[in-house]
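Residue numbers (this note's numbering): 730 to 885.
No residue lacks a Cβ here, since even glycine has one placed at the ideal position from N, Cα and C.
Data block below; observations after.
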């Protein structure tokens, strides 16, 4: 990106716009599986942790390690998917930063292309049904729900 001029900026903006269109086309296909995966993983984490807290047998049972591993896998899958949900936004933010640093001359057309690329950055958020986003901050919300639900179940 050493020779970033008006023509390259227009090409970059067009490619990013095409990529955004394709991103928005495939996102609905991942909405239901991601929602199902998040819901099932949260309930597996809740049920396995409640089972492990309530189970107080002194005998060594093999199913206890199975339940623990099941809860751990569900917890790790939540973390991994939420971390990868940030990748499109982070890559676009890096692209905007690189374009800003490597643009030699700022004319009106380059500035307009740069602002369009910067605007497209907000379009690369993994937004599911306009209800929630898949980001690292989603982990805290999901785990907060799980912790509240575990406390409520253990109190009853």
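Is residue i helix, strand or coil when you go by DSSP?
{"i": "residue 856", "result": "strand"}
{"i": "residue 730", "result": "Confidence in residue 730 is poor, its pLDDT being 49 and thus under 50, which makes the residue's placement unreliable; the coordinate value appears in the next sentence. Residue state, collapsed to three classes: coil."}
Could you give the first and the last residue of the continuous alpha helix (DSSP H) run that contains residue i?
{"i": "residue 796", "result": "791-814"}
{"i": "residue 764", "result": "735-783"}
{"i": "residue 847", "result": "837-850"}
From the DSSP output, which residues share a beta bridge with residue i?
{"i": "residue 862", "result": "856"}
{"i": "residue 832", "result": "733"}
Taking 6 Å as the cut-off, is the C-beta of residue i nearer than that to any heavy atom in the ligand SAM?
{"i": "residue 735", "result": "Among the components modelled here there is no ligand, and therefore nothing to report on the ligand SAM."}
- Query: With contact counted as at least three CB pairs below 8 Å, one residue from each stretch, are the region 753-773 and the region 849-858 in contact?
  - Reply: Contact between the region 753-773 and the region 849-858 is present: 3 or more CB-CB pairs across the two stretches fall below 8 Å.
- Evaluate the contact criterion for the region 833-846 versus the region 795-814: three or more CB pairs, one atom per stretch, below 8 Å. Touching, no.
- Message: For the region 827-834 against the region 858-868, do three or more pairs of beta-carbon atoms, one drawn from each stretch, fall closer than 8 Å, so that the two count as touching?
- Response: No: the two stretches stay apart, fewer than three of their Cβ pairs being nearer than 8 Å.
- Does the count of Cβ pairs from the region 868-882 and the region 768-778 closer than 8 Å reach three? Judged by Cβ distances under 8 Å, the region 868-882 makes contact with the region 768-778, as three or more pairs qualify.
- Item | Contact between the region 744-758 and the region 840-850 (3+ Cβ pairs under 8 Å) | Taking 8 Å as the limit for Cβ pairs, the verdict is that the region 840-850 does touch the region 744-758.
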